[in-house]
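Right, one structure below, let's go through it.
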Amino acid sequence: QPIAPAPSPPHSRPIARRAVLAGGAAVIVAAGTALGWREATAGVHETAVGEQRRLVLEDGTRVMLDTATRIRFRAGGAARSLWLSAGRVDLAIASDPRPFLVDTGARRVVAEGGRLDVRRDGDRVALTAVDGSARVETGGAPMALAQGSRIAMEAGRPDRLDRPELEDLIAWQSGRLVFRDETLARAIAEMNRYSRRPLVAADAATGQLRLSGMYRVGDTEAFARSLAILLPVRVEADAAAIRIRARG
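Right, dumping it as structure tokens:
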């Protein structure tokens with residue numbers, strides 16, 4: 410059934426308008442973060458789809474787990490080690506004589522402190538030094554990652570370095586996603602990470618439409634309603650999915 414467009418508030422700036430259109434915080438995400446920081450022992454920690462969790466590891470490191478994330482932590486011996494199997498984490502690394510190792514499969518990151526944002530989607534890994542620096546090891550010569558820099562790594566492809574807008578990058582921690590002239594296909598993929606009821610672009614041309622704005626994670630229906638106002642599309646929904654089609 411079609412999803413009716415939500416009314417837009419008058420005389421508001423574009424970003425604020427989009428934020429209102431996306432209204433309604435994701436309940437699971439809000440519930441997962443409202444508990445605050447919880448102490449965690451070594452071992453495996455994970456989140457379900459749409460859940461976020463804040464943990465204080467036994468060495469004092471603070472880690473925030475994003476949706477559908479799985480980590481394993483060990484603090485014994487000469488180093489502290491965290492394995493990221495899937496998902497995304499924000500790490501505020503506690504000061505300690507032992508180095509902090511982050512293993513993402515083919516790559517390992519070494520940090521003495523600071524703050525890292527690490528994301529793993531299969532064999533694609535993105536690492537950002539939000540505060541402080543880090544060293545990326547690949548089996549060859551290690552590479553230094555300066556504060557504010559991001560490295561994107563994928564099997565079979567050259568590494569890519571850039572400097573993202575950090576406020577946009579870490580917006581997920583407050584339950585928001587920020588898009589700046591992003592393709593609809595990419596925005597849909599990001600929104601779908603937080604929901605079991607997917608958004609689907611009807612065809613490739615629809616997916617190439619572009620949008621900007623700030624949206625709440627988990628609320629795919631509100632996101633779809635905003636698309637019906639901002640883009641030349643119509644939205645149809647059933648129990649299985651929310652489909653976005655070009656008008657006409």
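The sequence shown begins at 410 in this note's numbering and counts up by one.
Beta carbons: idealized from backbone N, C-alpha and C, even for Gly.
{"Item": "What's the gap between the Cα of L474 and the Cα of R463?", "Value": "6 angstroms"}
{"Item": "Note down, in chain order, each residue of its chain lying with its Cβ closer than 7 angstroms to the Cβ of A538, except the 5 sequence neighbours on either side.", "Value": "G523, L525, L554, A555, Q556, G557 and S558"}
{"Item": "Look up W446 in the DSSP assignment and say whether it is helix, strand or coil.", "Value": "coil"}
{"Item": "Thinking C-alpha only, which one of R517, R516 and L466 is nearest S504?", "Value": "L466"}
{"Item": "Entirely within the region 573-617 and at least 3 residues each: give me those beta strand (DSSP E) ranges in chain order.", "Value": "585-592 and 608-610"}
{"Item": "Return the CA-CA distance between D647 and E574, expressed in angstroms with no decimal places.", "Value": "36 angstroms"}
{"Item": "Taking 7 angstroms as the threshold (C-beta atoms), are T547 and V534 in contact?", "Value": "no"}
{"Item": "Can you tell me which of V453, W492 and D499 puts its alpha carbon nearest to the alpha carbon of R516?", "Value": "W492"}
{"Item": "By the DSSP assignment, the alpha helix (DSSP H) with T537 in it spans what residues?", "Value": "Not the alpha helix (DSSP H): T537 falls in the beta strand (DSSP E), residues R533 to D540."}
{"Item": "Our contact map puts G616 next to L639 with C-beta atoms below 8 angstroms; I'd like the distance itself, whole angstroms only.", "Value": "About 15 angstroms separates the two Cβ atoms, so there is no contact after all."}
{"Item": "Would you mind working out which of D628, R652 and G657 sits nearest P641, comparing C-alpha positions?", "Value": "G657"}
{"Item": "Runs of 4 residues minimum, wholly inside the region 629-657: which ones carry the alpha helix (DSSP H) assignment?", "Value": "629-639"}
{"Item": "Taking 7 angstroms as the threshold (C-beta atoms), are R605 and V458 in contact?", "Value": "yes"}
{"Item": "Would you mind giving the Cβ-Cβ distance between T476 and Q461, rounded to the nearest angstrom? I have them listed as a contact below 8 angstroms.", "Value": "7 angstroms"}
{"Item": "What are the start and end residues of the beta strand (DSSP E) that includes E455?", "Value": "G452 to E455"}
{"Item": "Nearest to D568 by alpha carbon, out of G627, S621, R447 and P551?", "Value": "P551"}
{"Item": "Can you name, in chain order, every residue of its own chain whose Cβ lies under 7 angstroms from the Cβ of Y507, other than the five neighbours on each side?", "Value": "According to the sequence as given, residue 507 is Arg; it is not Tyr. Excluding sequence neighbours, R507 sits near A487, A488 and R489."}
{"Item": "Residues bridged to A501 by DSSP?", "Value": "R471 and R524"}
{"Item": "Might you give, ordered along the chain, the residues of its own chain that have their beta carbon closer than 8 angstroms to the beta carbon of L636, omitting 5 neighbours on each side?", "Value": "L593, L620, V642, V644 and I653"}
{"Item": "By the DSSP assignment, the beta strand (DSSP E) with S558 in it spans what residues?", "Value": "Unbroken run through S558: none, as it is neither H nor E."}
{"Item": "Restricting to Cα atoms, I'd like to know which of V498, V545, A501 and R528 is closest to V518.", "Value": "V545"}
{"Item": "Let me make sure I understand the geometry here. Which of S583, R479 and V626 has the alpha-carbon closest to that of V527?", "Value": "R479"}
{"Item": "Using 10 angstroms around the beta-carbon of V472, count the other beta-carbons present and answer buried if the total reaches 16, otherwise exposed.", "Value": "buried"}
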